[in-house]
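Visitor: First the structure, which I've put down as structure tokens, then a few questions once you've had a look.
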Amino acid sequence: MERALAVARVFDEFPYLRPRRVGGDPARIKVTPSMEAVVEATGLPIDWLTVRRDEGDAMEFGEIDLSPGRGGWVGEQEDGEWAFSLTGHRIEQRWEADTVAESAAIAAVAAFFEGMVVAMDAAYGCVTPGLWRPRPLHTVVEAELPGVFWLNYFGPAFVGARPELATIVGARTLRTGGVLVQTSSEPWQPYEVGIPAWQSPLRAVFGAAVFEWVRPNPALPTIDEHVSASPGTQEMPWVAWQATKAANDRTRKHTAASKRLAAASLGRAQPTLPDDAVEWSTSFDLDDWREFARYLTRKLRGDLTTAIGKAVISVITTAPVDEEDSIILDTQLGPIRLGWFMDDEDVVDLYIWGPPLVSDLCDAWLA
7 MERALAVARV FDEFPYLRPR RVGGDPARIK VTPSMEAVVE ATGLPIDWLT VRRDEGDAME
67 FGEIDLSPGR GGWVGEQEDG EWAFSLTGHR IEQRWEADTV AESAAIAAVA AFFEGMVVAM
127 DAAYGCVTPG LWRPRPLHTV VEAELPGVFW LNYFGPAFVG ARPELATIVG ARTLRTGGVL
187 VQTSSEPWQP YEVGIPAWQS PLRAVFGAAV FEWVRPNPAL PTIDEHVSAS PGTQEMPWVA
247 WQATKAANDR TRKHTAASKR LAAASLGRAQ PTLPDDAVEW STSFDLDDWR EFARYLTRKL
307 RGDLTTAIGK AVISVITTAP VDEEDSIILD TQLGPIRLGW FMDDEDVVDL YIWGPPLVSD
367 LCDAWLA
């Protein structure tokens with residue numbers, strides 16, 4: 007959240023350039039009293055369209071995409087396995103020429119851009135007039151650079167791969183370790199066929215391959231390299247999604263198994279545990295528990311092969327942390343009490359009371 011608030015404070019430093027409304031389509035949230043206040047009230051994630059100006063043909067729109075941690079991501083299943091890609095955070099803002107016609111406004115845009123790449127600890131960024139604007143402006147930084155522009159920011163992963171970026175004309179190293187490169191004194195340069203002279207120094211450093219779409223592009227830093235070069239969590243945002251999904255799936259399965267167990271137990275006469283029953287206990291991780299449950303079912307049969315046995319095995323497998331319970335089951339060796347305590351998400355403490363032969367069978371599985 008601190009990174010999002012830092013981004014908001016940069017907007018607030020430049021109220022002349024700041025959007026007036028943010029939100030969905032259309033953007034309806036007024037930016038008042040400050041962008042910081044709006045961001046703090048909204049929380050993350052933020053997926054906003056922005057409007058600074060909408061007057062006939064004069065349209066100044068943008069986008070703000072900010073998420074917890076390392077930002078946004080996409081995932082798709084390939085042959086049953088999930089493949090994930092980090093999309094990160096993104097800011098885009100458009101101003102009409104008359105908004106930035108004065109030299110003071112141009113200087114403000116440059117200062118705004120510098121403040122923003124520092125606040126975001128950006129991997130890449132650029133400022134360009136419409137004449138040189140690529141379609142689309144945003145890029146996939148491990149696949150292609152969209153071009154060379156008036157202002158260009160290259161994060162520390164770029165600088166690590168090409169230290170000469172810091173020494174070309176117009177380059178300045180920022181406190182992030184990235185380099186800000188200004189290619190010309192002012193943003194508006196006449197259109198030229200071929201490569202303009204003001205683009206040549208940067209293109210010479212990079213070579214042609216970085217401007218050609220290849221994913222991944224061996225001429226560009228990888229996403230992992232960008233993340234490693236930037237302070238912050240190394241945990242990818244989909245890890246939390248996977249954990250939440252797994253927890254929800256487990257809860258759903260546990261609820262269903264508990265209902266099946268209750269239905270199978272309805273009207274059932276519970277067996278009586280003999281007075282000479284002995285206790286056997288151990289701890290299993292869930293994979294070992296599943297294997298042991300199959301072994302126990304083969305050896306003891308009885309209730310373990312019926313709906314009640316299958317349900318109780320599922321209940322144990324999906325139980326939440328700290329759940330403790332037990333049930334008496336009938337087997338071909340006599341009644342047993344099967345008890346469990348979920349010590350951790352993946353660890354179950356198992357207790358079995360029954361005839362000595364049952365204890366021997368359990369020991370044999372561990373041997």
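Count along the sequence shown from 1, add 6, and you get the number used in our numbering. We treat Cβ as the ideally placed atom computed from N, Cα and C, and that holds for glycine.
Please state if the CB of S289 and the CB of D355 are separated by a distance shorter than 8 Å.
Guide: Indexing the sequence shown from 1 puts residue 355 at position 349. Indexing the sequence shown from 1 puts residue 289 at position 283. Result yes, Cβ atoms of D355 and S289 sit closer than 8 Å.
Visitor: In this structure, does DSSP put S320 in helix, strand or coil?
Guide: Locating residue 320 in the sequence shown gives position 314, counting from the first residue. Helix, per DSSP.
Visitor: Return the first residue and the last residue of the beta strand (DSSP E) that V353 is part of.
Guide: The count along the sequence shown starts at 1 and reaches residue 353 at position 347. Its beta strand (DSSP E) spans residues 353-360.
Visitor: With DSSP as the reference, identify every bridge partner of Q195, one or two as the case may be.
Guide: Reading the sequence shown from its first residue, position 189 is the one you call residue 195. Looking at the DSSP assignment, Q195 forms no beta bridge with any residue, so it has no partner.
Visitor: Mind checking who G345 pairs with in its DSSP beta bridge?
Guide: Translated into positions along the sequence shown, residue 345 becomes position 339. Partner(s): S332, Y357.
Visitor: What does a CB cutoff of less than 7 Å around L72 pick up in its chain, not counting 5 residues either side in sequence?
Guide: The residue labelled residue 72 in the question sits at position 66 within the sequence shown. Contacts found: A10, V13, L50, P51, I52, H95.
Visitor: Report yes or no: do three or more beta-carbon pairs, one from the segment 78-96 and one from the segment 39-48, lie closer than 8 Å?
Guide: No contact exists between the segment 78-96 and the segment 39-48.
Visitor: I'd like to know whether the C-beta atoms of G121 and E192 end up nearer to each other than 8 Å.
Guide: Taking the first residue of the sequence shown as 1, we reach residue 121 at position 115. Taking the first residue of the sequence shown as 1, we reach residue 192 at position 186. Contact flag unset, no.
Visitor: How long is the line joining the alpha carbons of A33 and E218, rounded to whole angstroms?
Guide: If you number the sequence shown from 1, residue 33 lands on position 27. If you number the sequence shown from 1, residue 218 lands on position 212. So the two alpha carbons sit approximately 35 Å from each other.
Visitor: Report yes if the CB atom of R1 is closer than 8 Å to the CB atom of Q338, and no otherwise.
Guide: Here the chain has residues from 7 to 373 only, and residue 1 is not among them.
Visitor: Where DSSP assigns a beta bridge to Q99, which residues make up the other side?
Guide: For this step, residue 99 is matched to residue 93 along the sequence shown. According to DSSP, Q99 bridges with G68.
Visitor: If we count Cβ pairs, one from each stretch, closer than 8 Å, do we get three or more for the segment 262-269 versus the segment 312-320?
Guide: Yes, the segment 262-269 is in contact with the segment 312-320.
Visitor: How is the alpha helix (DSSP H) around W219 delimited, first residue to last?
Guide: Translated into the one-based positions of the sequence shown, residue 219 becomes position 213. No alpha helix (DSSP H) contains W219, which DSSP labels as neither H nor E.
Visitor: Three or more C-beta pairs closer than 8 Å, one from the segment 171-181 and one from the segment 228-240: is that the case here?
Guide: Counting Cβ pairs under 8 Å, fewer than three are found: no touch.
Visitor: Following the continuous alpha helix (DSSP H) through T303, name the residue where it begins and the one where it ends.
Guide: Indexing the sequence shown from 1 puts residue 303 at position 297. Element bounds for T303: 292-306.
Visitor: Inspect the beta-carbon positions of W346 and A325 and report whether they are closer than 8 Å.
Guide: On the sequence shown, position 340 is the one that residue 346 refers to. On the sequence shown, position 319 is the one that residue 325 refers to. The answer is yes: Cβ separation under 8 Å.
Visitor: Can you tell me whether G238 is helix, strand or coil according to DSSP?
Guide: Position 232 of the sequence shown, counted from the start, is the residue given in the question as residue 238. It is coil, neither helix nor strand.
Visitor: Could you name the residues that DSSP lists as bridge partners for E82?
Guide: To locate residue 82, count along the sequence shown from 1; it is residue 76. E82 pairs with A89.
Visitor: For the alpha helix (DSSP H) that contains W244, what are its first and last residues?
Guide: On the sequence shown, residue 244 is found 238 positions in, with the first residue counted as 1. Element bounds for W244: 243-271.
Visitor: May I ask which residues mark the beginning and end of the alpha helix (DSSP H) holding F119?
Guide: By one-based count along the sequence shown, residue 119 stands at place 113. Element bounds for F119: 109-126.
Visitor: Going by CA-CA distance only, name the one from W295, P362, L335 that's closest to M348.
Guide: Counted from its first residue, the sequence shown places residue 348 at position 342. Nearest C-alpha to M348: W295.
Visitor: Given a threshold of 16 other Cβ atoms within 10 Å of its Cβ, counted over all protein chains shown, does A163 qualify as buried or as exposed?
Guide: Residue numbering aside, residue 163 sits at position 157 when the sequence shown is read from its first letter. It is buried - the Cβ of A163 has at least 16 other Cβ atoms within 10 Å.
Visitor: Classify R58: buried if its beta carbon has 16 or more other beta carbons within 10 angstroms, exposed otherwise.
Guide: Numbered from its first residue, the sequence shown carries residue 58 at position 52. When all chains shown are included, R58 counts as buried.
Visitor: Of all the options M65, G86, D85, F90, which has the alpha carbon lying nearest to the alpha carbon of A103?
Guide: Position 97 of the sequence shown, counted from the first residue, corresponds to residue 103. Of the candidates M65, G86, D85, F90, the one whose C-alpha sits nearest the C-alpha of A103 is M65.
Visitor: Rounded to whole angstroms, what's the CA-CA distance from I319 to T250? Just pull it up for me.
Guide: As a working mapping, residue 319 is identified with position 313 in the sequence shown. As a working mapping, residue 250 is identified with position 244 in the sequence shown. Computed Cα separation, rounded: 23 Å.
Visitor: From this set, W156, P243, V185, which residue's C-alpha is nearest P202's C-alpha?
Guide: Within the sequence shown, the letter at position 196 stands for residue 202. If we check each option's Cα against that of P202, W156 comes out closest.
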